[in-house]
Structures are given as C-alpha cells and as structure tokens.
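These notes concern the structure reproduced below.
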Amino acid sequence: MKNSYKIIAENLSYWKKSLGLDPWEIKVVFRTRDDMKCGGEAEVEISESLRRAIISILTPDEYEKYEEHSDLFPQDLEQTLVHELLHIPLESIAKPKTGTAEDIILENFVEQTAKALVNENRAHRDGA
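Each residue of the sequence shown is one higher than the one before, counting from 353 in the working numbering.
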C-alpha cells in the first residue's frame, strides 16, 4: 500500500496542473469496497462552491480480490486518478443519473480520455 500512496503523491500535483485544477484542494484516500458509495473502482465527491474534492480509490488488495480479471488487467492508479480528476470540471456541465445511457456515455468518454492522456504522458516521459 505504501507504494500506492507514492504513485498517487507523484502524480497528483502533475495532473492537477495539467488539467487546470491547481485552485482545487484535492485529497486522495484508499478505501475498501464496503466503504465505497458507488461500489466501483473509484469515485469522487465534489464541492464546487468550495473547490474541494475527495477521490476514493479501491485499495490494491480489494481490487485484486473483487475486480474480475485483475490478473490480466492490473490496477492502474495513475489512470484511475486521472479518470476521477476529469470528473471535476465536468461536474458542472454533465451529471447524469447513474445507470442511464448518458451516464454510460460520459463514463466511457472519461475513461477513454484518461487512458489517452496517461498513455501519451507515459510515452513522453519514457522517451518513446
């Protein structure tokens, strides 16, 4: 778990700046499945008026225990972090009801955008 905190700490300030979220106070916590409100891999609670957000990410142990095919698709903390960060600026313009077609479309858009941003950053960072 210590390595997980290190990954988050190393990436949070970079991605806050890259996504224009510097004015925001953002905390990241690891939670068990039982402590997650949505029951997913991660979630974000946003207070737009205070410019604060709490990102909850499933602990690595819980991810391996509950996520189907976690051996084939290991938890990517940086991508998960970016996914949740992307929800912050979108909150004021897109907040569909959970499970609706609009929600699924938004989640797919956020996931694909997070994946593309992280992959591009890694390629640049690794010199590829």
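In this text, a Cβ means the ideal position worked out from N, Cα and C, and glycines have one as well.
Can you list, in chain order, the residues of its chain whose CB lies under 7 Å from that of residue i, leaving out five sequence neighbours each side?
i    : result
T465 : L438
Per the DSSP calculation, residue i is bridged to which residue(s)?
i    : result
K379 : I406
A394 : I409
S399 : R404
Does DSSP classify residue i as helix, strand or coil?
i    : result
S365 : helix
S370 : helix
S356 : helix
Q431 : helix
K389 : coil
E454 : helix
K467 : helix
I445 : coil
In terms of alpha-carbon separation, which member of the options lies closest to residue i?
i    : options                : result
V470 : D423, F461, V434       : V434
I359 : I398, F382, D386       : F382
E472 : T411, W367, E416, K447 : W367
Are the beta-carbon atoms of residue i and residue j separated by less than 7 Å?
i    : j    : result
T432 : A394 : yes
I440 : I398 : yes
I409 : K379 : no
S356 : P412 : yes
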